[in-house]
Amino acid sequence: MAGDLLQVTGLGWVFLIALISGIVYGFAGFGAALIFMPVATIFLPIETAVAAFAVSAIASLLTVVPRAWGQADRKGVSLMILIAAVTLPIGLYILRSNDVAIMRWAVLAVACLTLIALMSGWRYTAKPTLAMRSGVAAATGLVGGATGLVGPVMILFQLSGQDSVARSRANTIVFLTFTGFLTAPLMYFQGMLSAEAVAIGLFLILPYGVGARIGQALFDPTRQVLYRNVAYGIIFAAIVLGLPVTD
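Under the working numbering, the sequence shown has 285 at position 61, and the numbering climbs by one with no breaks.
Spelled out as structure tokens, the structure:
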């Protein structure tokens, strides 16, 4: 298996982008998939990239989630994870049923729209209702399954709200990690989880986990503007690098 893994084209670049994704995720609480997917799909089939990233989420369970769990709205986030798990299979079916080129453009489009929305600074003032949380979770599962980008809808929901930086970051980390981790077994039941994807995902646990640790150590709530701007810049670079026209 190790020998086969070394034959994967661009594995070094995938390793590097996993490290960078982990760092951004550790300090900002978002952006990992937005950075990883556009670049990883240059070298890997989109289904393989989605599955590998889902497997690598094991690293977050051991690195950033334990601290985030104590700061998160555990009841609200747990409900959202359960709802997202219902719509994830629908999104995965969409991914499995569509042309690879179309889905690569879909990944880039979702990443780009999310970045624009984040940079616009839009905020809502109403207290999130059960219906709002349910809708966000359902949309997250659908978009996440179809593109591998579990985060965009949840990120917009959290960063556009009135929660403190620490609470918003913790909610996002817990939700994205558990929802991302659920993606792998759901892909297996649809026949989309290959041995190669699992091997790549296990290989990426180290760089992603180390990166998350580094990012978590760098996190300082008083420097949120700097961290968000850095994350925005890296997401933009990943989108440009991931454009199919540059293949």
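Even glycine gets a Cβ: it sits at the ideal position worked out from N, Cα and C.
This one's a predicted model, so the numbers in the text were calculated from it and none came from an experiment.
By the neighbour-count definition (other C-beta atoms within 10 Å, threshold 16), S245 is a buried residue. Between R391 and the set T272, A275, D297, A308, the nearest pair of CA atoms involves D297. Under the Cβ criterion (8 Å, minimum of three pairs), the stretch 230-243 counts as touching the stretch 409-428. Straight-line measurement puts the Cα of A441 at about 11 Å from the Cα of V434. The stretch 254-262 makes no contact with the stretch 309-323; the number of CB pairs closer than 8 Å stays below 3.
Secondary structure at F254: coil, using DSSP grouped into helix, strand and coil. Cβ neighbours of I458 within its own chain (closer than 8 Å, five residues either side excluded): I244, V248, G255, I259. Counting only runs of 4+ residues, the alpha helix (DSSP H) found wholly inside the stretch 377-459 occupies 389-413, 419-442, in chain order. Pairing F251 with F460 gives a Cβ-Cβ distance that is not under 9 Å. Shown here for I379: same chain residues with a beta carbon closer than 6 Å to its own, the five before and five after excluded, namely F254 in chain order.
Within the model, the alpha-carbon separation for P409 versus V279 is close to 9 Å.
DSSP places A281 in the coil class of the three-state scheme, outside both helix and strand.
When the beta-carbon positions are compared, V374 and L339 stay at least 9 Å from each other.
Contact check for V454 against I305 fails: the beta carbons are separated by 9 Å or more.
Taking all protein chains in view, the Cβ of G294 is surrounded by fewer than 16 other Cβ atoms within 10 Å, so the residue is classified as exposed. Shown here, L268 sits in coil according to DSSP, grouped into three states, outside any helix or strand. Taking all protein chains in view, the Cβ of F277 is crowded by 16 or more other Cβ atoms within 10 Å, so the residue is classified as buried.
Taking 9 Å as the cut-off, the Cβ atoms of F405 and I282 count as close. Residue range 324-344 is occupied by the alpha helix (DSSP H) that includes L337. In the displayed model, L235 falls within a helix according to three-state DSSP. The three-state reading of DSSP puts A370 in helix, counting H, G and I together. With respect to L332, L467 sits close: the two C-beta atoms are nearer than 9 Å.
Ranked by Cα distance from F402, the first of I326, S344, M356, L286 is L286.
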